[in-house]
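Structure first, commentary second.
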Amino acid sequence: MRMSLLFQREPFGKILERTLADFLAVRFGQPFRVTWRQGTRNGRDGSQSWLCNPYLNIIFRPGIQREPLLPAIYEFSRSARPWRTPLNMLYVALATGRIGARCLANATVDIEPPLFHAEEMVIIGGNHHIRLLDYHRRCCCVITKSGFCDVFRQNEIAVRRSYPYLPAPRIVECGEKGNWYSEELILGTPVNRLKDQRQAREAVRQIVPRLFALYESTQKTKRVDEYVGNIVGRIDLLIGRNHLLSHPQRENLKGVVKKLARSAVEQPGDISIVQAHGDFQPANILVGDGGPWLIDWEYTTRRQSGYDGLVHVFSSRRSSGLALRFREALAGSTMADSLLSSWPGMEWRDHGRRRATLALFLLEEMDLKLTENDNPLFTFLDAGFQSFSHELASIIPLMESC
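For what it's worth, the working numbering labels the leading residue of the sequence shown as 1, then goes sequentially.
Structure representation (structure tokens):
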């Protein structure tokens with residue numbers, strides 16, 4: 001999630017200050033002072049000022065070398081909407097140029113004492129973590145944000161170390177408390193930013209067998225009513241303790257959960273549960289630098305075996321339009337058939353199974369989105385959760401009528 005969106009949800013500047021100060025103290029063995037401030041005026045004498053561009057999601061030193069900026073340049077120069085690509089390329093060129101960088105930045109981070117080789121580093125914001133890309137040491141440090149649960153990070157480290165054949169960068173070092181790790185630095189372009197869609201499809205084709213191998217190694221069988229009951233129990237707890245949900249929102253969500261749970265158990269029996277990537281979307285599939293790579297394993301957890309395929313096919317991280325995509329799937333006229341029909345543990349062409357699978361998937365997604373928003377630091381529910389809730393209002397009647 002870009003910083004421009006994080007600003008709407010949380011006090012990002014304060015969180016960044018605490019996160020970086022604590023991490024740098026551990027990493028370099030001395031206390032650090034980190035200050036976030038609006039604007040780009042020079043800071044105090046002795047401090048090292050970094051520019052923040054929230055739309056490119058980067059914090060960097062004026063005069064930074066070009067190589068550390070390449071991930072942002074590759075990612076944001078192209079748009080999923082072709083007509084916007086020339087505008088994106090122009091903005092990125094200006095925002096990463098020596099003259100335009102300060103003009104298009106809107107905040108500054110001051111670090112004391114200064115970091116050595118800072119012109120070879122870039123800081124990237126994230127949903128649950130901050131990344132420090134260090135091109136001098138050729139590593140990327142992934143740091144859990146201060147005040148955030150580090151279970152996501154610990155799960156990611158455990159899975160990636162247990163299954164070294166996964167197409168993810170090699171983990172080099174882990175912090176003693178499990179709240180940060182460093183990995184090999186890779187450079188690649190997300191497949192949704194590639195001009196050549198054949199290259200994008202080929203990258204997905206190469207990644208999928210590695211996921212299937214993970215599923216085979218971690219597959220367990222569970223009764224579907226037991227699995228659904230566990231998810232519903234977690235969701236009820238998350239709804240009850242979320243301080244940003246109004247009473248009408250709580251009651252509406254509980255009603256939606258009951259309807260989805262009924263649909264999910266209409267096909268009784270056993271279900272295959274596997275260790276899923278958890279966020280198998282095009283933005284996390286990178287091409288280049290020895291890849292393709294599948295990054296951002298922070299959402300890895302145990303889900304129904306088709307979960308990753310459903311995330312990918314339905315673009316569920318982009319909730320807008322989800323109801324339309326579900327309508328097509330429920331009607332049996334969807335581009336999903338070619339991928340999901342061969343996905344392990346899926347009975348996609350059976351209408352009853354497909355309906356139950358989709359209901360269970362929506363419960364799993366609600367579980368994730370409520371978990372993401374289970375943070376007392378948040379001042380607003382994130383836009384993704386609100387969009388998902390809006391789409392559910394249209395999806396439930398579709399599920400009931402088919």
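From the three backbone atoms N, C-alpha and C, an ideal C-beta is built for every residue, glycine too. Quick caveat: nothing in here was measured; it's all calculated off a predicted structure.
Which residue or residues does DSSP assign as beta-bridge partners of residue i?
{"i": "LEU51", "result": "PHE60, THR108"}
{"i": "MET121", "result": "ASP134"}
{"i": "THR189", "result": "VAL287"}
{"i": "GLU266", "result": "DSSP lists no partner for GLU266."}
{"i": "CYS140", "result": "LEU133, GLU183"}
{"i": "THR35", "result": "ASP110"}
{"i": "ILE271", "result": "LYS222"}
{"i": "ALA276", "result": "THR301"}
Applying the criterion that 16 or more other CB atoms from any shown protein chain within 10 Å of the CB defines a buried residue, is residue i buried or exposed?
{"i": "ARG223", "result": "exposed"}
{"i": "SER401", "result": "exposed"}
{"i": "PHE23", "result": "buried"}
{"i": "GLY255", "result": "exposed"}
{"i": "GLY188", "result": "buried"}
{"i": "ALA72", "result": "buried"}
{"i": "ILE231", "result": "buried"}
{"i": "LYS369", "result": "buried"}
{"i": "SER319", "result": "buried"}
{"i": "PHE380", "result": "exposed"}
{"i": "ILE58", "result": "buried"}
{"i": "HIS247", "result": "exposed"}
{"i": "PHE76", "result": "buried"}
{"i": "PHE361", "result": "buried"}
{"i": "ASP382", "result": "buried"}
{"i": "SER316", "result": "buried"}
Who are the near neighbours of residue i in its chain, counting only those whose CB is closer than 7 Å to its CB and skipping five residues on each side?
{"i": "VAL119", "result": "Contrary to the premise, residue 119 reads as Glu rather than Val in this sequence. Hits under 7 Å: ARG61, GLY63, ILE64, GLN65."}
{"i": "ALA359", "result": "LEU260, SER263, ALA264, MET399"}
{"i": "GLY306", "result": "LEU340, TRP343, GLY345, MET346, THR357"}
{"i": "LYS145", "result": "ILE15, THR19, HIS128, HIS129, ILE130"}
{"i": "ALA405", "result": "Since the displayed the chain opens at 1 and closes at 402, residue 405 lies outside it and no answer follows."}
{"i": "PRO292", "result": "PRO167, ALA203, GLN206, ILE207, ILE285, LEU286"}
{"i": "ASN53", "result": "ALA95, LEU104, ALA105"}
{"i": "LEU253", "result": "ILE239"}
Within the same chain, show all residues whose beta-carbon is closer than 6 Å to that of residue i, passing over the 5 residues directly before and after it, in chain order.
{"i": "ARG33", "result": "GLU112"}
{"i": "ALA200", "result": "VAL191, LEU194"}
{"i": "ARG234", "result": "ASP367"}
{"i": "LEU132", "result": "ILE123, CYS141"}
{"i": "TYR299", "result": "GLY278, ASP279"}
{"i": "GLN219", "result": "SER272, VAL274"}
{"i": "MET1", "result": "ASN127"}
{"i": "PRO114", "result": "GLN48"}
{"i": "PHE152", "result": "HIS128, GLU298"}
{"i": "TYR74", "result": "THR189"}
{"i": "GLY43", "result": "SER49, ASP110"}
{"i": "ASP289", "result": "ILE186, LEU187, GLY188"}
{"i": "ASP296", "result": "ASP279, ASN284"}
{"i": "TYR55", "result": "SER4"}
Cutting at 8 Å between CB atoms, please list the residues of its own chain near residue i, excluding the five before and the five after it.
{"i": "ARG138", "result": "GLU184, LEU185"}
{"i": "LEU330", "result": "ARG354, ARG355, LEU358, LEU398, MET399, CYS402"}
{"i": "ARG98", "result": "PRO62, GLY63"}
{"i": "PHE385", "result": "LYS369, LEU370, GLU372, ASN373"}
{"i": "ASN88", "result": "PHE76, SER77, ARG78, SER79"}
**Message:** Quick check on the DSSP output: what are the complete alpha helix (DSSP H) runs of length 4 or more inside the stretch 280-361, in order along the chain?
**Reply:** Counting whole runs of 4 or more residues, the stretch 280-361 contains the alpha helix (DSSP H) stretches 307-313, 322-330, 337-340.
**Message:** For the pair the stretch 55-65 and the stretch 209-228, tell me if three or more CB-CB distances fall below 8 Å.
**Reply:** By the C-beta criterion, the stretch 55-65 is judged not to be in contact with the stretch 209-228, since fewer than 3 inter-stretch pairs fall below 8 Å.
**Message:** My parser needs the alpha helix (DSSP H) runs of 4 or more residues fully inside the stretch 73-97; what are they?
**Reply:** Entirely contained in the stretch 73-97, the alpha helix (DSSP H) runs reaching 4 residues are, in chain order, 85-95.
**Message:** Using a Cβ distance threshold of 8 Å, determine whether the stretch 237-254 contacts the stretch 367-376, with at least three qualifying pairs required.
**Reply:** Yes, the stretch 237-254 touches the stretch 367-376.
**Segments of 3+ residues assigned as beta strand (DSSP E) that fall wholly inside the stretch 219-245** = If we require 3 residues or more, the beta strand (DSSP E) runs fully inside the stretch 219-245 come out as 220-223.
**Any 3 or more C-beta pairs closer than 8 Å across the stretch 104-111 and the stretch 36-44** = Two segments are said to touch when three or more pairs of C-beta atoms, one from each, lie closer than 8 Å; by this definition the stretch 104-111 touches the stretch 36-44.
**Any alpha helix (DSSP H) of 4 or more consecutive residues that is wholly inside the stretch 144-179** = Segments of the alpha helix (DSSP H) lying fully in the stretch 144-179: 151-162.
**Prompt:** Within the chosen definition, does the stretch 169-187 reach the stretch 303-322 through at least 3 CB pairs nearer than 8 Å?
**Reply:** Too few Cβ pairs lie closer than 8 Å, so no.
**Asked** Is the stretch 384-399 in contact with the stretch 319-331, if contact means three or more CB pairs nearer than 8 Å?
**Response** With the cut-off at 8 Å, the stretch 384-399 and the stretch 319-331 touch.
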